[in-house]
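Each protein sequence line maps, in turn, to chains A and B. Here my numbering is used: the first residue of the first sequence is 20, the next is one more, and so on. Here my numbering is used: the first residue of the second sequence is 3, the next is one more, and so on. Ideal Cβ positions, reconstructed from N, Cα and C, are used throughout, including at glycine. Data block below; observations after.
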Amino acid sequence: MMYMNIEIGNEDVSLLQMSDSFFPTGLYATSSGLEALSQVKKLKSKDIFHYISTYLKQVVGPSDCAALGNAYESCMKKDLTALLNVDQSLYSMRLIEATRSASVRSGSQLLKCVSTFVKDKKMLKDYQKAVRNGNATGIYPVSLGVASWSLDISKNKAGLILLYGFTVSVIGAALRLGILQHYDGQKIIHELRPVILKSVLDNIDRSISSIWQFAPGLDILQMKHEAMSSKMFIT
Amino acid sequence: MAPLRIPRVGIGGPVGSGKTMLIEQIVPLLSANGYKVSIISNDVISKEDAERMKQNLATDQGLLPEDLVIGVATGGCPHTAVREDPSINLSVVEELESKYDFLDLILIESGGDNITTTFSPALADYFIYIIDVTGGDKYPRKRGLGIENCDLLVINKIDIAPYVGADLKIMERDAKIVRRNKPTVFVNSKTGRGVDAVVSFIIKDVLFDTLPKASKKVN
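Okay, here's the thing in structure tokens:
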């Protein structure tokens, strides 16, 4: 019996699987600087909204999402050289060692996991091999782009997975830091929907030569977090 | 070629049960027997344990290089980091395997957690669970995934058992029942009493050596 429908298909189930915080990428251990900020400022719900919103508009959208889009396109064109170039470009833009390292760890583990159930995609195999041989870093947004392409998830929806996953990881951190209550967290995710959508649509087709990020305040926060002696989160 | 898989021992247990101190006792004994060890320490809210072991075992005693003691933050989810989603720990293990192929063993300390802690078999080949007598002699009888499923149960702080009214014989009897005769070792990690038995289990059941590495070299 075929379980197919014109409105839903396997790729939609894959989309849910990849965007689920249960998917093993270690993102639950990152706060993206929120832990450092919570040490110096009493945060409220609206602060968390603005924090994530700024991150999406100034960092995750124009750099991570754009890199994911380029990685996806490289896979469609079967162009490994272009894919490795995207990998290197994004890696070189990560200013903070801890965030660079966490992203590489998450991305390489994502590739390993997906490779256990996707066996017929040469670009996935070649990229993973390049990571293993030290010719690529496996940085998370690029790995997610490759994995999403391998699972026939559309490029735009792959972008949504990235931005939604980032949002949930910061909300999760805020809950565990005691900044938010569980209803507040869901309300913020709901209110961020237009920001997430716009960030994806504005950036997913951005060329590799025009990716950018600019959030010096957030970079300084991440640096401060790196130097904290007592912390729950990797970043 | 993929790097060789280095044997891994996971050590879990509640906060304050003596995980770090057990490692501080195990490593010198393993080192004296010729084994090269690395330590990954998962901490819930700091890297204090990793820093302490780095200072004690690496800097002060010179038993291993400082960069072979690695602290991992777990986002407040110590059991997730070693069971449901061990991605970050696996990534650190793989990095060690690719950089330091001379290692004989990797010890992975979980963050302090509750009695349901277990290690993913993808992360650890052998699981040591440590509790102490201060919870009372009912502790093994109350079961829990960690106590029941671990390969070796270690019961620590036996020196203070009389002061907290814990009967070690009851603990031994109940552990045997709930663990279906899998081994249990009683130790005092502060003095090192009983720790040689833990090391013997590691050498025999994880490293599969009938004789310690150092004695084989001599012979």
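{"Query": "Residue 57/B burial status per 10 Å Cβ neighbour count (16 or more: buried)", "Result": "exposed"}
{"Query": "Cross-chain neighbours of residue 224/B in chain A, by beta carbon under 9 Å", "Result": "Given a span of 3 to 221 for chain B in the structure shown, any question on residue 224/B remains unanswerable."}
{"Query": "N- and C-terminal bounds of the beta strand (DSSP E) containing residue 224/B", "Result": "Nothing can be reported for residue 224/B: it is not among the residues displayed for chain B, which extend from 3 to 221."}
{"Query": "Integer Cβ distance of residue 241/B from residue 166/B, believed to fall under 8 Å", "Result": "With chain B represented from 3 up to 221, any question about residue 241/B goes unanswered, as that position is not in the structure."}
{"Query": "Simplified DSSP state of residue 173/A, which is helix, strand or coil", "Result": "coil"}
{"Query": "Cross-strand partners of residue 75/B (DSSP beta bridge)", "Result": "45/B"}
{"Query": "C-beta contact flag for residue 170/A and residue 33/A at 9 Å", "Result": "yes"}
{"Query": "Local Cβ density within 10 Å of residue 201/A, reported as buried at 16 or more and exposed below that", "Result": "exposed"}
{"Query": "Chain-ordered neighbours of residue 92/B on chain A, where CB pairs are closer than 7 Å", "Result": "128"}
{"Query": "Length of the line joining the Cα atoms of residue 74/A and residue 116/A", "Result": "18 Å"}
{"Query": "Neighbourhood of residue 156/A by C-beta, 6 Å cutoff - its chain only, sequence neighbours within 5 removed", "Result": "106, 110, 123"}
{"Query": "The beta strand (DSSP E) enclosing residue 10/B, as first and last residue numbers", "Result": "10-14"}
{"Query": "Candidates 196/A, 212/A, 229/A, 163/A: closest to residue 60/A by CA position", "Result": "196/A"}
{"Query": "Within 9 Å, strictly: CB atoms of residue 12/B and residue 102/B", "Result": "no"}
{"Query": "According to DSSP, residues forming a beta bridge with residue 39/B", "Result": "107/B"}
{"Query": "C-alpha distance - residue 261/A paired with residue 149/B, whole-angstrom precision", "Result": "The structure shown does not extend to residue 261/A, since chain A is modelled only from 20 through 254, so no value can be given for it."}
{"Query": "Alpha helix (DSSP H) segment containing residue 66/A, residue limits", "Result": "64-74"}
{"Query": "Near the ligand GTP: residue 128/A beta-carbon under 8 Å from a heavy atom", "Result": "Ligands in the displayed structure: none, and consequently the ligand GTP is not present."}
{"Query": "Of the residues 10/B, 100/B, 14/B, the one placed nearest residue 146/B, counting alpha carbons only", "Result": "14/B"}
{"Query": "Secondary structure of residue 134/B, DSSP reduced to three states", "Result": "strand"}
{"Query": "6 Å Cβ shell around residue 8/B - same chain, five flanking residues per side excluded", "Result": "99, 105, 108"}
{"Query": "Three-pair Cβ contact test at 8 Å for the stretch 241-253 of chain A versus the stretch 67-77 of chain B", "Result": "yes"}
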